[in-house]
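**Q** In the working numbering, the protein residues as written are 49 to 342.
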Amino acid sequence: MLIDYGLVAAGTGTFLAMARSAPPAGSGIGPSFDKDNPSKILDPTYSDRLGRSHVAEDKGERVPALWVGMAIVPAAGWVLAQEGLGRWKSGDQRALRIHESGVGLAETLALTLMTNEVLKQTVGRLRPDFQDRVRRHYCAQPDSKGVACTGTEGGPLHDDPAKAQRIFDDGRKSFPSGHAATSFALATYAALATGGRWVWGDEATANSRAIGLGAQAAAMGLASYVAWSRVRDGRHNPSDVLTGATIGAVFANLAYWRRFDTHGETRRGSKPATSAQTGVQLAPLSLTVTWNWR
Numbered sequence: 049m050l051i052d053y054g055l056v057a058a059g060t061g062t063f064l065a066m067a068r069s070a071p072p073a074g075s076g077i078g079p080s081f082d083k084d085n086p087s088k089i090l091d092p093t094y095s096d097r098l099g100r101s102h103v104a105e106d107k108g109e110r111v112p113a114l115w116v117g118m119a120i121v122p123a124a125g126w127v128l129a130q131e132g133l134g135r136w137k138s139g140d141q142r143a144l145r146i147h148e149s150g151v152g153l154a155e156t157l158a159l160t161l162m163t164n165e166v167l168k169q170t171v172g173r174l175r176p177d178f179q180d181r182v183r184r185h186y187c188a189q190p191d192s193k194g195v196a197c198t199g200t201e202g203g204p205l206h207d208d209p210a211k212a213q214r215i216f217d218d219g220r221k222s223f224p225s226g227h228a229a230t231s232f233a234l235a236t237y238a239a240l241a242t243g244g245r246w247v248w249g250d251e252a253t254a255n256s257r258a259i260g261l262g263a264q265a266a267a268m269g270l271a272s273y274v275a276w277s278r279v280r281d282g283r284h285n286p287s288d289v290l291t292g293a294t295i296g297a298v299f300a301n302l303a304y305w306r307r308f309d310t311h312g313e314t315r316r317g318s319k320p321a322t323s324a325q326t327g328v329q330l331a332p333l334s335l336t337v338t339w340n341w342r
């Protein structure tokens, strides 16, 4: 149990420590940005990969990062409510299930965010709208460092210079998609929790299976929309969102199946084994056979 708490703390701490920093020079995938010669990245041969228009985070994005963060609350509420409303005989068992579900979801998110951010910092892939970010960022500076400015760049990335710098640095963190990773982490874990209670679990009924399958489809559909929106808005390449979605789904599966079995029962504090004995007396010897089952 302490290991679980440690993973949550380590993952969250690593993510928060790295989230505000910019990747080192170079890119593990695609063209690299040279801050000493920023105009080089504006070469027209890169336009097919980096030439999308930059959409303001708080105005033009279909799914802002804030919305993804806010989705944690209803997702957690849905997961925990299913366990709290279960028809369990023991209050202790209900409390254990709620605890396991909550810690599992927290672990999923922490490890997903950490892995995603480590890869962003390590790979340093440029976003599809990076050329537009370069023009708007450097043309708002006293020294454009060789970037040709025509006055039609659309203004600085943000009125606050510090926020403008953050938005520019974020343009080098395309791989993998944090939106897709977080969305699929939440959706996959919620879908698994729903399945264990309503679809394949011991308490499942015909009606609950229909409701559960609908809820699972809705969760995965919303996550897929978020991933699609990142490509549509010019924030990511398809490979970015596919990798992010895979990261989130993998950690959700690892966290869930480590805690619950295919019957929807917790692996920790599961039902005790039932045993029986058969004795055969053969004087002067005796033979006893014992077997266990769950």
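All C-beta atoms in this analysis are idealised placements derived from N, C-alpha and C, irrespective of residue type, glycine included.
1) Specify, as a first and last residue, the run of the alpha helix (DSSP H) that V56 falls within.
2) The alpha helix (DSSP H) that contains L290, what's its start and end?
3) Just reading off the alpha helix (DSSP H) that W276 is part of, what are its end residues?
4) Spatial neighbours of G292 within its chain, please: CB distance less than 6 Å, with the 5 preceding and 5 following residues excluded, ordered by chain position.
5) Report yes or no: is there a C-beta of chain B within less than 8 Å of the C-beta of T242?
6) Roughly how far, in whole angstroms, is the beta-carbon of A267 from the beta-carbon of A235, given that I think they are within contact range, below 8 Å?
7) Sorted by chain position, which residues of the same chain lie with C-beta nearer than 6 Å to R100's C-beta, five sequence neighbours on each side aside?
8) With a Cβ-Cβ cutoff of 8 Å, do L55 and A158 count as a contact?
9) Using a Cβ-Cβ cut-off of 7 Å (strictly less than) and excluding sequence neighbours within five positions of A210, which residues of its own chain qualify?
10) To the nearest angstrom, report how far apart M162 and G59 are at their CA atoms.
11) Can you tell me whether T314 is helix, strand or coil according to DSSP?
12) Assuming Y186 is part of the alpha helix (DSSP H), what are its boundary residues?
13) Could you tell me the alpha carbon to alpha carbon distance between H206 and G194, rounded to whole angstroms?
14) From the DSSP output, which residues share a beta bridge with F216?
15) When the Cβ atoms of the segment 90-98 are set against those of the segment 112-124, are three or more pairs found closer than 8 Å?
16) Between S75 and V166, which are expected to be in contact by the criterion C-beta below 8 Å, what is the C-beta distance as a whole number of angstroms?
17) For the candidate residues P112, D52 and L98, whose alpha-carbon lies nearest to that of S231?
**A** On the basis of the supplied data:
1) Here the question's residue 56 lines up with position 8 in the sequence shown. First-last of the alpha helix (DSSP H) with V56: L50 to A67.
2) Here residue 290 is taken as the residue at index 242 of the sequence shown, counted from 1. The continuous alpha helix (DSSP H) containing L290 extends over residues P286 to W305.
3) Looking up residue 276 in the sequence shown gives position 228. Per DSSP, W276 belongs to the alpha helix (DSSP H) from A254 to R280.
4) Position 244 of the sequence shown, counted from the start, is the residue given in the question as residue 292. Excluding residues within five positions, the ones whose Cβ falls inside 6 Å are P224, S225, A228 and A229.
5) Absent from the structure is chain B; it holds one protein chain and no more.
6) What you label residue 267 is simply residue 219 of the sequence shown in a count that begins at 1. What you label residue 235 is simply residue 187 of the sequence shown in a count that begins at 1. That pair is a contact at about 4 Å.
7) Counting from one through the sequence shown, the residue named residue 100 turns up at place 52. Sequence-distant Cβ neighbours of R100 in its own chain, meaning closer than 6 Å and more than five residues away, are P176, D177 and G282.
8) Sequence index remark: in the sequence shown, residue 55 carries index 7 (1-based). Sequence index remark: in the sequence shown, residue 158 carries index 110 (1-based). A distance below 8 Å separates the beta carbons of L55 and A158.
9) Taking the sequence shown and counting its residues from 1, the one referred to as residue 210 is at position 162. Nothing listed; no residue qualifies.
10) Here residue 162 refers to the residue found at position 114 when the sequence shown is read from its first residue. Here residue 59 refers to the residue found at position 11 when the sequence shown is read from its first residue. If you draw a straight line from the Cα of M162 to the Cα of G59, it comes to about 5 Å.
11) Position 266 of the sequence shown, counted from the first residue, corresponds to residue 314. It is a strand residue.
12) As a first step, residue 186 must be located in the sequence shown, where it is residue number 138. Residue range F178 to Y186 is occupied by the alpha helix (DSSP H) that includes Y186.
13) Taking the sequence shown and counting its residues from 1, the one referred to as residue 206 is at position 158. Taking the sequence shown and counting its residues from 1, the one referred to as residue 194 is at position 146. If you draw a straight line from the Cα of H206 to the Cα of G194, it comes to about 21 Å.
14) What you label residue 216 is simply residue 168 of the sequence shown in a count that begins at 1. F216 pairs with nothing; no bridge assigned.
15) In short, these stretches do not touch, since the Cβ pair count stays below three.
16) Start at 1 with the first residue of the sequence shown, and residue 75 comes out as number 27. Start at 1 with the first residue of the sequence shown, and residue 166 comes out as number 118. Between S75 and V166 a beta carbon distance of about 16 Å is seen, past the 8 Å cut, so the two are scored as non-contacting.
17) Start at 1 with the first residue of the sequence shown, and residue 231 comes out as number 183. A check of alpha carbon separations from S231 across P112, D52 and L98 identifies P112 as the nearest.
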